[in-house]
Structure formats: structure tokens, C-alpha cells
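Q: Quick one: the structure is below, and I'll ask about it shortly.
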Amino acid sequence: RNRTERLNRQPQAQSRQAPRFEDLPEYKRVATQRMAGELLGVANPFYRSHDAAAGATTRIGGREFVNFASYDYLATNTDPHVATRAKEAIDRFGISASASRLVAGERPDHVELERGLAAVYGVDAAVCFVSGYLTNVTAIGCLMGPQDLVIHDEFIHNSALAGIKLSGAARRLFQHNDVDSLENILKTLSSDFRRILVIVEGIYSMDGDIADLPALLELKARYGFWLMVDEAHALGILGKTGRGTFEHFDLDPRDVDIWMGTLSKTTSSCGGYIAGSSALADILKAEAGGFVYSVGLSPVLAAAAIAGLDILKSEPKRTERLRRNGHLFLKEAKAAGLDTGLSMGHSVVPVIVGDSLRAAQLSNDLLAEGINVLPIIHPAVPEGMARLRFFITCNHTEEQIRRAVALTAEKLKSLKDRNFGLASLDM
Ligand code: PMP
32 RNRTERLNRQ
42 PQAQSRQAPR
52 FEDLPEYKRV
62 ATQRMAGELL
72 GVANPFYRSH
82 DAAAGATTRI
92 GGREFVNFAS
102 YDYLATNTDP
112 HVATRAKEAI
122 DRFGISASAS
132 RLVAGERPDH
142 VELERGLAAV
152 YGVDAAVCFV
162 SGYLTNVTAI
172 GCLMGPQDLV
182 IHDEFIHNSA
192 LAGIKLSGAA
202 RRLFQHNDVD
212 SLENILKTLS
222 SDFRRILVIV
232 EGIYSMDGDI
242 ADLPALLELK
252 ARYGFWLMVD
262 EAHALGILGK
272 TGRGTFEHFD
282 LDPRDVDIWM
292 GTLSKTTSSC
302 GGYIAGSSAL
312 ADILKAEAGG
322 FVYSVGLSPV
332 LAAAAIAGLD
342 ILKSEPKRTE
352 RLRRNGHLFL
362 KEAKAAGLDT
372 GLSMGHSVVP
382 VIVGDSLRAA
392 QLSNDLLAEG
402 INVLPIIHPA
412 VPEGMARLRF
422 FITCNHTEEQ
432 IRRAVALTAE
442 KLKSLKDRNF
452 GLASLDM
């Protein structure tokens with residue numbers, strides 16, 4: 032009754048309706064893209080349903096495909112050692128960590144995995160989170176604040192951008208892999224902020240080129256910023272023994288303040304990590320919302336990642352095979368006249384084709400030939416820079432690589448005269 036009386040006393044407010052999701056510009060963008068695909072007869076290449084483990088090969092709709100759309104770089108996903116470790120963890124601990132590790136406590140696999148990851152970088156400590164995406168969001172969000180500045184490569188992953196936004200820090204971007212562009216920002220801004228963080232990726236996820244780590248460290252020594260390197264696509268790939276970007280350049284990994292990585296790629300699990308000093312790990316375990324207020328990494332996934340790291344250490348031949356495959360793919364693609372952008376031929380080789388719908392159609396045409404590779408379209412890459420992104424694994428054969436490149440070139444040529452521009456739709 033009190034509420035009714037209160038409402039009766041208030042002047043009548045204009046009635047307001049919550050917007051319909053169908054009317055949002057975000058939905059209109061999705062719907063326009065879908066309609067354009069339908070009008071041009073381009074089937075949606077996303078969300079294909081696989082009925083097998085997707086590595087160098089996969090099965091879709093009962094048919095075998097050569098697969099270039101899996102992060103299973105070192106073929107750990109179906110390795111019996113990984114499966115055995117994961118099953119042992121299920122038998123001992125069940126599936127879930129059951130609550131935040133703060134409350135539910137540790138499992139031995141958490142401790143072993145974090146020690147193993149710290150050992151990869153020769154640093155004091157590592158902390159694991161339940162996803163790679165969350166790792167960037169919560170670690171950057173925790174370490175940086177409104178008095179701080181984050182400077183990042185223009186191509187860094189969406190998860191790092193989300194972390195910067197969460198932190199409230201000022202943000203500047205420098206031109207891709209251009210340390211002069213970074214230095215220009217540092218020269219004018221470095222004294223204005225409490226802390227400065229520079230974020231780069233070891234191997235860039237959309238382009239497949241490598242951060243200029245030696246030059247970044249040289250700059251760091253002069254300007255005194257924290258350097259964070261996202262090794263999602265570099266762990267297991269760069270360096271003689273697959274330890275990543277520092278090994279590739281023969282640098283001391285302890286000179287980088289914050290190593291970030293994901294467990295979903297080379298180690299075929301799910302989760303992410305930060306590796307660095309004990310103090311950094313202590314801060315994140317006490318203050319990062321994505322650690323404190325989130326369930327701990329599943330012990331099953333921790334066990335699988337430990338087994339993935341075991342394989343990385345004990346079988347450097349997989350890294351070697353991956354390197355040969357990546358270089359072969361790049362060499363063949365260049366010889367076929369394909370635009371591979373900046374790729375250096377490691378884990379990621381894009382073939383840039385222009386319009387989003389052209390990339391989607393090329394993906395569909397290759398599927399018809401038994402090759403599964405997915406397009407990356409706007410807004411993940413700038414409009415006009417849509418691409419097929421080939422993930423290379425150590426288990427691809429030379430023949431599979433040569434055939435995929437030859438067919439990509441052939442199919443792309445046959446699409447040359449087809450107009451995929453949205454303008455042509457008169458919308
Ligand atoms: N960083 C980079 C560079 C990535 O490419 C990705 C995902 N592809 C992530 C972070 C997030 O990792 P995850 O998919 O394991 O959450």
C-alpha cells in the first residue's frame with residue numbers, strides 16, 4: 032500500500048519502454064550482413080558443426096576435411112598422455128574446482144601447472160585464470176588505474192582492449208610493430224602518469240608477424256615502463272624449444288615484466304596465465320576480480336595443460352615440424368601470388384582477399400574441396416582487409432599444405448570478377 036500511495040503522490044512520469052533488441056544498431060548490422068550473404072548466395076561459413084576432434088583434420092557432416100581452423104598447433108588435443116592426465120584428474124578431483132581457489136582451496140595440479148609455466152619463462156611465479164580472454168581483462172584491469180597510461184600495438188587482441196577499458200587508464204596506440212611510433216608517444220607522455228604499461232603480442236593473432244622484442248626492451252630500459260607480452264600464438268611455436276618470443280630472439284625472459292599466455296592453444300586446454308615476479312602473482316591472486324571472484328581453473332583442464340607442457344618439453348620435434356610447415360605454407364602461398372600480409376610463416380598465415388563476403392565465399396568454395404578454413408571479417412580486421420586465416424599445425428602434411436595453397440589461389444582467381452561490395456546491393 033505504501034508503494035501505491037507514494038506513486039500516487041508523484042507527478043506522472045512519461046512512460047518509458049525498454050528498447051527492443053531487434054531495433055538496436057548492433058542487431059541491424061548483424062541482420063544486414065546476413066541479408067547481404069543471402070542476396071549474394073554466400074552461405075554463412077561460421078559455426079560449422081564438427082563431429083570429431085578438430086586438429087590437422089576434422090569431420091563435418093560425416094565427411095573428412097583437412098583443417099586449418101584449429102589452434103591445436105602441436106597436436107596435443109588428442110594425445111593419449113593428455114587424455115590420461117585429464118582422466119586421472121577427473122577420478123581424483125571431479126570436474127570442477129567448485130569455487131574460487133581462495134575459498135575452495137588449491138588442487139595439486141594448480142600448483143604444478145603454475146610452477147611449470149613459471150619455469151618456461153625462468154621467473155618466480157605464474158597465476159592461472161579460467162580463460163585467456165579473462166586473463167587479459169582482469170590482469171590489466173587490476174594493475175592499471177585512472178592515473179595510468181597503457182600504450183599498445185594497434186593490432187592487440189580484443190581481450191587486452193577490454194582490460195584497458197576496465198582499468199580506466201588513459202590509452203594510446205602505436206603503429207603496428209613500429210617502435211619509433213611507440214617512442215614518439217613515450218617522449219611526450221612518459222612523465223605525466225603514475226604507471227605506464229606497453230602491451231604487444233609475441234606473434235600477432237590476425238597477421239602472424241613477430242613483435243620486435245629486442246627494440247622494445249631497449250626502449251623499456253630508457254623509459255621505464257612495464258612490458259606485457261601476450262604469447263597466445265607464440266608458446267610452443269617460436270624458439271628452438273618452443274619457449275616463445277624471448278627464445279626466438281635469445282633474450283632473458285626476466286627482462287619482460289608480464290608474460291601472458293593462454294592454455295587453449297599449444298596446451299589444448301582452456302584457461303590463461305600471467306607469469307612474472309612473486310609480487311606480481313601475489314597482487315593478482317589478492318586483487319584481480321577474475322581470480323578472486325571466479326571459480327578456479329578446473330583441475331581437469333589444469334592436468335591437461337600440464338600434460339601439454341610435458342609434450343612441449345619432451346618432444347621439440349613437434350615445434351620443429353610446425354616451423355617447417357609454417358614456412359612451407361608461406362613460401363608456397365607467396366609463389367602462388369597470394370597476399371599473406373605481414374606473416375612470417377609460423378602458427379598463423381592469413382590470405383588477405385578484401386571484402387568480407389568474398390572471404391566467406393572463398394571459405395565455402397574450399398569447404399567443397401575438403402578444406403576447412405575460416406574467414407576473419409570486419410570488425411575483427413579493418414573493412415577491405417578480410418582474410419582467410421590459416422592455422423598451421425605440426426601434423427599437417429606437405430601434400431595437404433601444397434594442395435590447400437593451390438586450391439586457395441585457384442578458387443580466389445575464379446572469384447576475381449564477382450562483385451562482393453555491399454554498395455552493389457543498393458541498400
Ligand atoms: N590473446 C590472444 C592474442 C588471442 O589470440 C586470444 C584468443 N584467440 C586470447 C588472448 C584469448 O585466449 P582464449 O581464447 O584462450 O580465451
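Residues 32 to 458 in UniProt numbering are what the sequence shown spells out, letter by letter.
Backbone N, C-alpha and C fix where the C-beta goes; we use that ideal spot for every residue, glycine too.
Bear in mind that the values here come from a model prediction, so they are computed numbers and not experimental data.
1) Tell me whether D261 counts as near ligand 1, meaning its Cβ is closer than 7 Å to at least one heavy atom of that ligand.
2) Hey, T424 and L353 are a contact pair by Cβ (cut 8 Å); roughly how many whole angstroms apart?
3) Just list the alpha helix (DSSP H) runs in the region 207-287, keeping only unbroken ones of 4 residues or longer that don't cross its boundaries, in chain order.
4) Start and end of the beta strand (DSSP E) containing D184?
5) Just reading off the alpha helix (DSSP H) that L443 is part of, what are its end residues?
6) Counting beta carbon pairs with one atom in the region 53-61 and one in the region 376-394, are three or more of them shorter than 8 Å?
7) By how many angstroms is the C-alpha of D341 removed from the C-alpha of N215?
8) May I ask which residues mark the beginning and end of the alpha helix (DSSP H) holding P56?
9) What three-state label does DSSP hand D457 in the structure shown?
10) Going straight from the alpha carbon of D457 to that of N450, what length do you get?
11) What is the DSSP secondary structure of P139, counted as helix, strand or coil?
12) Determine the burial state of S455: buried for a count of at least 16 other Cβ atoms within 10 Å of its Cβ, exposed for fewer.
13) Taking only the alpha-carbon atoms, compute the straight-line gap between S329 and I171 and give it to the nearest angstrom.
14) Give me the Cα-Cα distance between I147 and A100, rounded to the nearest whole angstrom.
15) Using the Cα positions of A263 and F52, report the straight-line distance between them to the nearest angstrom.
16) Say yes only if the C-beta of Y304 is nearer than 7 Å to one or more non-hydrogen atoms of ligand 1, and no if none qualify.
17) So what does D405 bridge to, in DSSP terms?
18) In the DSSP output, what is Y304 paired with across the bridge?
19) Compute the Euclidean distance between the alpha carbons of E441 and V379, then round it to the nearest angstrom.
20) Identify whether A367 lies in helix, strand or coil by the three-state DSSP scheme.
21) According to DSSP, simplified to helix, strand and coil, what is P410?
22) Helix, strand or coil for L105 per DSSP?
23) For the alpha helix (DSSP H) containing L388, name the first residue and the last one.
24) Looking at C-alpha atoms only, which residue of D223, V412 and S387 is the closest neighbour of Y235?
25) How is the beta strand (DSSP E) around R123 delimited, first residue to last?
26) On a CA-only basis, which of A265, L443, Y254 and S221 is nearest V231? Give me that one, please.
27) Are the C-beta atoms of I230 and some chain D residue less than 8 Å apart?
28) Hey, Y304 and C159: beta-carbon distance below 8 Å or not?
29) For the putative contact between G401 and F77, defined by C-beta atoms under 8 Å, what is the C-beta separation to the nearest angstrom?
30) Report the partner residues of N33 according to the DSSP bridge assignment.
A: Answer, in terms of the structure:
1) By 1-based counting over the sequence shown, the position of residue 261 is 230. Yes; taking the cut-off as 7 Å, the Cβ of D261 has a heavy atom of ligand 1 nearer than that.
2) Counted from its first residue, the sequence shown places residue 424 at position 393. Counted from its first residue, the sequence shown places residue 353 at position 322. 7 Å between Cβ atoms; contact.
3) Runs of the alpha helix (DSSP H) spanning 4 or more residues and lying entirely within the region 207-287 occur at 210-220, 244-254 and 276-280, in chain order.
4) Counting from one through the sequence shown, the residue named residue 184 turns up at place 153. Element bounds for D184: L180 to D184.
5) Here residue 443 refers to the residue found at position 412 when the sequence shown is read from its first residue. Counting along the chain, the alpha helix (DSSP H) containing L443 begins and ends at E429 to S445.
6) Touching, no, given that fewer than three Cβ pairs across the two stretches are closer than 8 Å.
7) Against the sequence shown, residue 215 aligns to sequence position 184. Against the sequence shown, residue 341 aligns to sequence position 310. Looking at the two C-alpha atoms, the distance is approximately 42 Å.
8) Sequence index remark: in the sequence shown, residue 56 carries index 25 (1-based). Per DSSP, P56 is one residue of the alpha helix (DSSP H) stretching across P56 to L70.
9) Within the sequence shown, the letter at position 426 stands for residue 457. Residue confidence is low: D457 scores 35 on pLDDT, short of 50, so the model does not pin down where it sits. Its coordinate-derived value is still stated next. In the structure shown, D457 falls within a coil segment according to DSSP collapsed to helix, strand and coil.
10) Translated into the one-based positions of the sequence shown, residue 457 becomes position 426. Translated into the one-based positions of the sequence shown, residue 450 becomes position 419. Here D457 scores only 35 on pLDDT, less than 50, and its place in the model should not be relied on; the value that follows carries that caveat. One C-alpha to the other measures close to 13 Å.
11) If you number the sequence shown from 1, residue 139 lands on position 108. Helix.
12) The residue you call residue 455 lines up with position 424 of the sequence shown. Legend: pLDDT at S455 = 40, less than 50; position of this residue unreliable, value from coordinates given subsequently. Exposed, since its Cβ has fewer than 16 Cβ neighbours within 10 Å.
13) Taking the sequence shown and counting its residues from 1, the one referred to as residue 329 is at position 298. Taking the sequence shown and counting its residues from 1, the one referred to as residue 171 is at position 140. In this structure, the alpha-carbon of S329 lies about 23 Å from that of I171.
14) What you label residue 147 is simply residue 116 of the sequence shown in a count that begins at 1. What you label residue 100 is simply residue 69 of the sequence shown in a count that begins at 1. Rather than Ile, the amino acid found at residue 147 in this sequence is Gly. Cα to Cα, G147 sits roughly 28 Å from A100.
15) Counted from its first residue, the sequence shown places residue 263 at position 232. Counted from its first residue, the sequence shown places residue 52 at position 21. Linking A263 to F52 through their CA atoms gives a straight-line distance of about 34 Å.
16) Position 273 of the sequence shown, counted from the start, is the residue given in the question as residue 304. With a threshold of 7 Å, the Cβ atom of Y304 does not count as near ligand 1, since no heavy atom of the ligand is closer than that.
17) For the purposes of this step, residue 405 is taken as residue 374 along the sequence shown, with counting starting at 1. Sequence inspection shows Leu at residue 405; the Asp mentioned does not correspond to that position. Among the bridge pairs identified by DSSP, L405 is matched with R420.
18) Position 273 of the sequence shown, counted from the start, is the residue given in the question as residue 304. Beta-bridge partners assigned by DSSP to Y304: C159 and G292.
19) By 1-based counting over the sequence shown, the position of residue 441 is 410. By 1-based counting over the sequence shown, the position of residue 379 is 348. Each residue's alpha carbon lies about 21 Å from the other.
20) Indexing the sequence shown from 1 puts residue 367 at position 336. In the three-state reduction of the DSSP assignment, A367 falls in the coil class.
21) Here the question's residue 410 lines up with position 379 in the sequence shown. Under the three-state reduction of DSSP output, P410 falls in the coil class, being neither helix nor strand.
22) What you label residue 105 is simply residue 74 of the sequence shown in a count that begins at 1. Three-state result, L105: coil.
23) Looking up residue 388 in the sequence shown gives position 357. S387 to A399 is the span of the alpha helix (DSSP H), which, as asked, contains L388.
24) Numbered from its first residue, the sequence shown carries residue 235 at position 204. It is V412 whose Cα lies nearest to the Cα of Y235.
25) Position 92 of the sequence shown, counted from the start, is the residue given in the question as residue 123. Looking at the DSSP string, R123 is not in any beta strand (DSSP E); the run it does join, the alpha helix (DSSP H), is P111 to F124.
26) Walking along the sequence shown from the start, residue 231 turns up at place 200. Ranking A265, L443, Y254 and S221 by Cα distance to V231 puts A265 first.
27) In the structure shown, chain D does not exist; there is a single protein chain.
28) By one-based count along the sequence shown, residue 304 stands at place 273. By one-based count along the sequence shown, residue 159 stands at place 128. With contacts defined by Cβ atoms closer than 8 Å, Y304 and C159 form a contacting pair.
29) Within the sequence shown, the letter at position 370 stands for residue 401. Within the sequence shown, the letter at position 46 stands for residue 77. Not quite, the Cβ-Cβ distance comes to about 19 Å (not below 8 Å), so this is no contact.
30) Along the sequence shown, one-based indexing puts residue 33 at 2. Answer by DSSP bridge pairing: none, since N33 is not bridged.
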